[in-house]
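Peer 1: Going by full-length UniProt numbering, the letters in the sequence shown line up with residues 1 to 128, in that order.
Note that the Cβ used here is the ideal one computed from N, Cα and C, for glycine as well.
The model shown is predicted, which means the values in this text are computed figures rather than measured ones.
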Amino acid sequence: MAASSGKCSFTAPVAARCYSHAMVESDEEFDARWVTYFSKPDIDAWELRKGMNTLIGYDLVPEAKILDSALRACRRLNDMASAIRILEAVKDKAGPHKDIYPYLLQELRPTLTELGISTPEELGMDKC
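1) Let me check understanding here. Comparing Cα to Cα, which of S39, T119, V90, E121 lies closest to N53?
2) Excluding the 5 residues flanking L105 on each side, which residues of the same chain have their C-beta closer than 7 Å to its C-beta?
3) Would S82 be called buried (16 or more neighbouring beta carbons within 10 Å of its own) or exposed?
4) From which residue to which residue does the alpha helix (DSSP H) around D92 run?
5) If you follow the alpha helix (DSSP H) that K40 is in, where does it begin and where does it stop?
6) If I'm right that F38 touches A70 with Cβ under 8 Å, what's the distance once you round it to whole angstroms?
So, in structure tokens, the structure goes:
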């Protein structure tokens, strides 16, 4: 406020923008980062859930190789419930694109068989 004139004076706020100077990650680097994350031999249940929650939060459906490493982490932890949740989350994430989930199941079939993991459909959970 200007005391001498008796009138108020205001300073307009200045818009500030913070731009990131971070490197842009390629699709291959993104996939490799998540495969490495889930492939850690000492991953615990909390890290598995945290990683999946973060991954599902992105605007994408994870690649089969990422899901493969996540399912293998579930098996190392003997956490079949999380494996089923991962498959359910991927099906939900695929949304209206009905060809994505069957494609991922086709790609993951050898891993699912090797690890003894049933799909939600095989367990009758799609009928609920």
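Peer 2: According to the structure data:
1) V90
2) T119
3) buried
4) 80-94
5) Here K40 belongs to no alpha helix (DSSP H), and DSSP marks it neither H nor E.
6) 5 Å
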